[in-house]
Amino acid sequence: MDDDTLVLSSIAMLLESMGHHPAQAAEGSEAVKIAQSQTFDLAILDLSVPGGLGGRDIAGRLREMQPGIRLVVSSGFGVDDMAPEEIDLFDAVLEKPFRLVDLTAVLETL
-13 MDDDTLVLSS IAMLLESMGH HPAQAAEGSE AVKIAQSQTF DLAILDLSVP
37 GGLGGRDIAG RLREMQPGIR LVVSSGFGVD DMAPEEIDLF DAVLEKPFRL
87 VDLTAVLETL
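First residue of the sequence shown: -13, per my numbering; consecutive thereafter.
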């Protein structure tokens, strides 16, 4: 989930090349709606989305809906700018801008 369509499509293309079947959402309420009808192993969530729900807003809800889901947060804010309780919501943090190789490395650890 990301409000930046370039980031969203780049991540989707990478995941497809790895054999995954990604769903895309521009903001949190759309991501939750998709998660109500599909099961996911992983969600990559933008921490905050202008004018919509971001990863910090929906992480707990996604975990309730799908207890085994792994959550990766991507953020233009560094980890130092995130509250400890925000960091604890996620299995991994990707600081923007990130390269696709950075995302691949994170995915390999999950």
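Even glycine gets a Cβ: it sits at the ideal position worked out from N, Cα and C.
Predicted model only: the values in this text are computed from it and were never measured.
Within the same chain, and ignoring the five residues on either side of Val59 in sequence, the residues whose Cβ sits closer than 6 angstroms to its Cβ are Leu31, Leu33, Gly41, Phe76, Val79. If one requires a minimum length of 4 residues, the alpha helix (DSSP H) runs lying completely within the stretch 21 to 52 are 41 to 51, in chain order.
Annotation for Ala69: no beta strand (DSSP E) segment contains it, and DSSP assigns it neither H nor E.
The C-beta distance from Ile44 to Ala17 rounds to 6 angstroms, short enough to meet the 8 angstroms contact threshold. When secondary structure is reduced to three states using DSSP, Glu13 falls in the coil class, being assigned neither helix nor strand. Between Ala29 and Leu57, the gap from beta carbon to beta carbon is short of 7 angstroms. Nearest Cα to Gly46 within the set His6, Leu(-8), Asp74: Asp74.
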